[in-house]
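Peer 1: Residue numbers (this note's numbering): 31 to 237. The structure that follows is given in the form of structure tokens.
Below, the structure written as structure tokens:
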């Protein structure tokens, strides 16, 4: 995978939010710098924020709950928002959702209530675009390993990613990409140690 030309290059600190508009034909490359770092992600049509990523439609389109190379990220209107054009990790989650202060309390105890979580990151990143809690939907978890057993039980376990692995998203429309570089420390999704990720936006034809 070539690294040029790059129109945007940013390292998102551990536990931090991030948002950026990726234009049609550009590719967003998310690089897991430290390994085993979940990256929660939402997509919105940059020209009409009412159209946004839809987990259910995406799962039906793939006939699979996991995302990898070739997966189409579908919108609430049934349109393709982006395509996974390359993937060196091999599996990404669509069903486990985003951690929140409330879910932390429910899962891990009231002593975790003060901990920052992905929902709070999403709200911070969405606020400049006049969006709030009503605009949050079920999200993608890049690099997160959520196996599902035969009886339907799912678990959050050690990730499959390692330092330097990446996933490429080729935008099929102008998309606002909203990310929470997951701050969770109570389960193995980040190896109990959140780390930075790198975001590269590659111009059309560079990926």
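Where is the CB? At the ideal position from N, CA and C, for every residue including glycine.
Do residue 106 and residue 81 have their C-beta atoms closer together than 8 Å?
Peer 2: If you number the chain shown from 1, residue 106 lands on position 76. If you number the chain shown from 1, residue 81 lands on position 51. Closer than 8 Å, so yes.
Peer 1: Answer with buried or exposed for residue 45, where buried requires no fewer than 16 other C-beta atoms within 10 angstroms of its C-beta.
Peer 2: The count along the chain shown starts at 1 and reaches residue 45 at position 15. Looking at its Cβ environment, which holds 16 or more other Cβ atoms inside 10 Å, residue 45 is buried.
Peer 1: Please name the residue or residues paired with residue 57 in a DSSP beta bridge.
Peer 2: Residue mapping note: residue 57 aligns to position 27 of the chain shown, counting from 1. According to DSSP, residue 57 bridges with 200, 232.
Peer 1: Between which two residues does the beta strand (DSSP E) containing residue 42 stretch?
Peer 2: Here residue 42 corresponds to residue number 12 of the chain shown, with the count starting at 1. Note, residue 42: beta strand (DSSP E), 36-42.
Peer 1: How would you write the range of the beta strand (DSSP E) that residue 207 sits in, first residue to last?
Peer 2: Against the chain shown, residue 207 aligns to sequence position 177. Start and end: 205-211.
Peer 1: Where does residue 31 sit, in a helix, a strand or coil, going by DSSP?
Peer 2: The count along the chain shown starts at 1 and reaches residue 31 at position 1. Bear in mind that the predicted position of residue 31 carries a pLDDT of just 47, short of 50, making it unreliable; the figure below should be weighed with that in mind. Coil at residue 31, not helix or strand.
Peer 1: If you drop the 5 nearest sequence neighbours on each side, which residues of the same chain put their C-beta closer than 6 Å to that of residue 41?
Peer 2: What you label residue 41 is simply residue 11 of the chain shown in a count that begins at 1. Cβ-Cβ distances below 6 Å link residue 41 to 226, 228 in the same chain, with the five nearest sequence neighbours on each side left out; the list follows chain order.
Peer 1: To the nearest angstrom, report how far apart residue 103 and residue 203 are at their CA atoms.
Peer 2: Against the chain shown, residue 103 aligns to sequence position 73. Against the chain shown, residue 203 aligns to sequence position 173. Taking the straight line from one Cα to the other gives about 11 Å.
Peer 1: What are the start and end residues of the beta strand (DSSP E) that includes residue 170?
Peer 2: Position 140 of the chain shown, counted from the start, is the residue given in the question as residue 170. Residue 170 -> beta strand (DSSP E) spans 170-172.
Peer 1: Between residue 73 and residue 50, what straight-line distance do the alpha-carbon atoms span, to the nearest angstrom?
Peer 2: By one-based count along the chain shown, residue 73 stands at place 43. By one-based count along the chain shown, residue 50 stands at place 20. C-alpha separation (whole angstroms): 10 Å.
Peer 1: Does the region 163-177 come close enough to the region 83-97 that 3 or more CB-CB pairs lie under 8 Å?
Peer 2: yes
Peer 1: Counting C-beta neighbours from all protein chains within 10 Å, is the total for residue 224 16 or more, i.e. buried, or is it exposed?
Peer 2: As a working note, residue 224 is residue 194 in the chain shown. Its Cβ being crowded by 16 or more others within 10 Å, residue 224 is buried.
Peer 1: Can you grab the Cα-Cα spacing for the pair residue 75 / residue 187, in whole Å?
Peer 2: Taking the first residue of the chain shown as 1, we reach residue 75 at position 45. Taking the first residue of the chain shown as 1, we reach residue 187 at position 157. Roughly 32 Å separates the two Cα atoms.
Peer 1: Whose C-alpha, out of 214, 61, 39, is nearest the C-alpha of residue 116?
Peer 2: Position 86 of the chain shown, counting from 1, holds the residue named residue 116. The shortest C-alpha separation from residue 116 is found at 61.
Peer 1: Please return the same chain residues whose Cβ sits closer than 8 Å to the Cβ of residue 184, not counting the five positions on each side in sequence.
Peer 2: Translated into the one-based positions of the chain shown, residue 184 becomes position 154. Excluding residues within five positions, the ones whose Cβ falls inside 8 Å are 125, 126, 176, 177, 178.
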